Amino acid sequence: MLKVEKLNVHYGVIHAIEEVSIEVNDGEIVTLIGANGAGKTTILHTITGLKKATSGKVIFDDKDLLKEEPSRIIRHGIAHVPEGRHVFVDMTVRENIEMGAYMYNKKDKDKILSRMDDVFEKFPRLKERQSQLAGTLSGGEQQMLAVGRALMAGPKIILMDEPSMGLSPLLVQEIFAIIKEVNRQGITVLLVEQNAKMALKVANRAYVLETGKIKLSGNADDLLHNDEVRKAYLGA
Numbered sequence: 010m011l012k013v014e015k016l017n018v019h020y021g022v023i024h025a026i027e028e029v030s031i032e033v034n035d036g037e038i039v040t041l042i043g044a045n046g047a048g049k050t051t052i053l054h055t056i057t058g059l060k061k062a063t064s065g066k067v068i069f070d071d072k073d074l075l076k077e078e079p080s081r082i083i084r085h086g087i088a089h090v091p092e093g094r095h096v097f098v099d100m101t102v103r104e105n106i107e108m109g110a111y112m113y114n115k116k117d118k119d120k121i122l123s124r125m126d127d128v129f130e131k132f133p134r135l136k137e138r139q140s141q142l143a144g145t146l147s148g149g150e151q152q153m154l155a156v157g158r159a160l161m162a163g164p165k166i167i168l169m170d171e172p173s174m175g176l177s178p179l180l181v182q183e184i185f186a187i188i189k190e191v192n193r194q195g196i197t198v199l200l201v202e203q204n205a206k207m208a209l210k211v212a213n214r215a216y217v218l219e220t221g222k223i224k225l226s227g228n229a230d231d232l233l234h235n236d237e238v239r240k241a242y243l244g245a
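The opening position of the sequence shown corresponds to residue 10 in the numbering used here, with each subsequent residue numbered one higher.
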């Protein structure tokens, strides 16, 4: 479904991403793990058009996305749940969710309402708080809102950036359960996550990123038990 080929990204003279190639197959959960500053978020931003690549390819459903604007990329079926959630704090929960369907017009009203019903079914707490300002929600609820907003676009793939950041262990478990449920419903997931243990437990395959380069890749369960990965990222 998604193929990144020999991607290079620079910030000025800094070579942030160097010859990175990854693949995400239809129906998979694939995770990128690595330390802070390894380049994980930069890869997601390049896929979604928020950061321009120096060279390489980003192929999604046989289309090269590198020359497309972010507003066009989302129409191809790619949704992005950004690091830090970035909900609209002065808008209600319902208004935030509606923003996820901004590319549709009035004739799509039934589709929008149907998707909103699906979001509220998946996240009952959001339904209960739909008239509440998003800024008054807890961190876990804001993360649910960010995922719900992304689902409104009807994506084929969701890119999730650090969904467990700043959450209590109990909420981390809940967020990862949501990721698995989203995937079970037919949506492919590319997951960037510092909680390497949880990410590797839910993923099919994984890539380990170190200073802008892919150091290791393979079956997620194999990497979970890899001595090098365990020492570097799992505290073992």
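Just so it is clear, CB atoms sit at the ideal spot from N, CA and C, and this is done for glycine as well.
Note that the structure is a prediction, hence the values are computed from the model and not measured.
Asked, Found
"Isoleucine 196 - containing beta strand (DSSP E), residue span", "Segment: none, isoleucine 196 is in no beta strand (DSSP E) and carries neither H nor E."
"Uninterrupted alpha helix (DSSP H) stretches inside the region 52 to 120 (no shorter than 4 residues)", "79 to 82 and 102 to 108"
"Reference isoleucine 68; option with closest CA among Glu202, Tyr216 and Leu11", "Leu11"
"Test item: CB-CB of methionine 108 and leucine 135 under 8 Å", "no"
"Stretch-stretch touch, CB-based, cutoff 8 Å, three pairs: the region 65 to 79 with the region 233 to 243", "no"
"Residues near alanine 47 by beta carbon distance below 8 Å, same chain, minus five either side", "Leu218, Glu219, Thr220 and Gly221"
"Spatial neighbours of asparagine 34 in its chain, beta-carbon cut-off 7 Å, leaving aside the 5 residues before and after", "Met10"
"Bridge partner(s) assigned by DSSP for threonine 40", "Leu200 and Ala215"
"Supposed contact pair proline 172 and isoleucine 87 - C-beta distance, whole angstroms, cut 8 Å", "At roughly 16 Å, the Cβ-Cβ gap does not stay under 8 Å, so isoleucine 87 and proline 172 are not in contact."
"Cβ-Cβ distance between valine 238 and methionine 207 below 8 Å", "no"
"Residues near asparagine 213 in its chain [Cβ-Cβ closer than 7 Å; skip 5 each side]", "Glu37, Ile38, Val39 and Ala229"
"Nearest-angstrom Cβ-Cβ length linking leucine 53 and leucine 176, presumed shorter than 8 Å", "At roughly 19 Å, the Cβ-Cβ gap does not stay under 8 Å, so leucine 53 and leucine 176 are not in contact."
"From Thr63, Phe185, Gly195 and Glu190, residue whose alpha carbon lies closest to that of valine 201", "Phe185"
"Straight-line gap, tyrosine 20 to lysine 60 (C-alpha atoms, nearest Å)", "10 Å"
"Boundaries (first-last residue) of the beta strand (DSSP E) holding methionine 161", "Premise fails: methionine 161 is in no beta strand (DSSP E) and is neither H nor E."
"Residue range of the unbroken alpha helix (DSSP H) whose run includes valine 238", "236 to 242"
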